[in-house]
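Student:
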Amino acid sequence: MRSRLVALALVLAVPALALPASAAPRGQDAPKGHHHVRDLRDLARKNGIRIGSAVDAAVLRSEADYRRVLNREFTHLTAENAMKWESVEPERGVFTWDDADAVVENARRNGQQVRGHTLIWHNQLPAWLTSGVADGSIGPAELRTILRDHIRTQVGRYKGKIRAWDVANEVVDDEGNLRQSIWLEHLGPGYLADAFRWARQADPRAKLYLNDYNVEWNQGKIDRYLALVKELQAQRVPIDGMGFQGHLGIQYDYPAGWADVMRSFADLGLEIAVTEMDVRMVLPVTPEKLATQAEYYSRALADCLSVKACREFTVWGFTDRHSWVPGWFEGEGAACILDEDLRPKPAYHALLATRRR
Ligand code: G3I
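Mapped onto mature numbering (1 follows the signal peptide of the UniProt record, and there is no 0), the consecutive letters of the sequence shown carry residue numbers -23 to -1, 1 to 334.
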């Protein structure tokens, strides 16, 4: 299977690299063999799945070509940073919704659905909150009220406009323990049940998710999440979905058991989503690396399509022009499906060619 996909990706690599920006994803210019799938929206429609991208709100405002491709290709959006706590409440009681609103408004105008990201995380918390907890001026009871109000305010603001919320992001560590955070330390593990309940009250129709990385393959993490879901369900906590971030790199093996992992969560009655897919590589880019990257993207989509409960496949940015990867992994990059000039890479064509198994 693997070698077949590599071969396919290699075949696709050459025409993809040669395509001019404007021509690539459109009908008759697409490489032979999958001309009937026009673009990612078409792929989404034909497979009954949502295909999304993370959106940089500032770029959405400033770059018309970025906007055009985003709205042409994607049926689902996630704000890359604009809905995080430090973005929406940088000072206590001072709310800055402009960027988050802009993403939601773009979705409304372009027939896209939205994933809210994220209500609880240990990162990108506002300084007033972390320093208040650190110096003891915010005690546990007040912290709990602050969290409740945060969830009520944010979920309430977008009630009916967010399809799915990442209620809790990255709450298990790579050793399979509940992650140390101000939430666990000061509120105890019950904060998770509270958070899901508050979110449900604020928007009863939004799908409520756990979301994390390395759950594609890390068995300790997988087991802890499965146990956590069962514990929450036993307490009748409203939890609807498991999000797999899908931050992969071609220098590591593709997580071959991913579809089975997805199924084990689906068996608990959860919806599944791939929420932050990207596939980085050690630079420089070569045709071989692009072919491997294409294979990884295609396998990930095929894994999702092979699980009935997998309802969304979202990439963490669609262009190498704007990707978190180079800023976080020295010497790595080129993780997206379009290049810096918004030209489709082999990975883009490999996604179009992916079929339900
Ligand atoms: O907002 C400031 C801006 O004012 C300043 O000019 C600029 C200069 O560097 O920094 C800006 O903040 C950056 C922010 O992204 C917005 O661009 C932060 O430094 C930077 O740390 C932050 O990185 C984000 C990262 O989460 C933070 O942890 C990435 O863009 C974002 O892609 C990444 O996303 C996470 C998901 O939320 C959860 N899963 C993992 C994923 C990748 O790390």
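By construction, the Cβ of each residue, glycine as well, lies at the ideal position given by its N, Cα and C atoms.
Please go through the same chain and pick out, in chain order, the residues whose beta-carbon is closer than 7 Å to the beta-carbon of Val302, but skip the five residues on each side of it.
Tutor: Cβ neighbours of Val302 beyond the five flanking positions: Asp255, Arg257, Glu309, Gly310, Ala312.
Student: Per DSSP, which residues does Pro321 bridge with? Please list them.
Tutor: Leu315
Student: By how many angstroms is the C-alpha of Val71 removed from the C-alpha of Ala279?
Tutor: 44 Å
Student: With H, G and I counted as helix, E and B as strand and the rest as coil, what does DSSP make of Lys184?
Tutor: strand
Student: If you compare alpha carbons, which of Leu205, Gly133, Ser283, Gly246 is closest to Gly93?
Tutor: It is Gly133 whose Cα lies nearest to the Cα of Gly93.
Student: Does any heavy atom of ligand 1 sit closer than 7 Å to the C-beta of His94?
Tutor: yes
Student: Taking Cβ to Cβ, would you say Arg201 is nearer than 8 Å to Ala250?
Tutor: no
Student: So, Lys198 versus Asp151, is the Cβ gap smaller than 8 Å?
Tutor: yes
Student: Between the alpha carbons of Tyr229 and Val259, how many angstroms are there, rounded?
Tutor: 11 Å
Student: Which partner residues does Ser300 have in the DSSP bridge list?
Tutor: Ser300 pairs with nothing; no bridge assigned.
Student: The alpha helix (DSSP H) spanning Glu119 covers which residue range?
Tutor: 117 to 134
Student: Taking C-beta to C-beta, are Glu272 and Ala327 nearer than 8 Å?
Tutor: yes
Student: Go ahead and pull the three-state DSSP assignment for Asn154.
Tutor: In this structure, DSSP gives Asn154 a state outside helix and strand, which the three-state scheme calls coil.
Student: Measuring only from the beta carbon, is Gln131 closer than 7 Å to any heavy atom that is part of ligand 1?
Tutor: no
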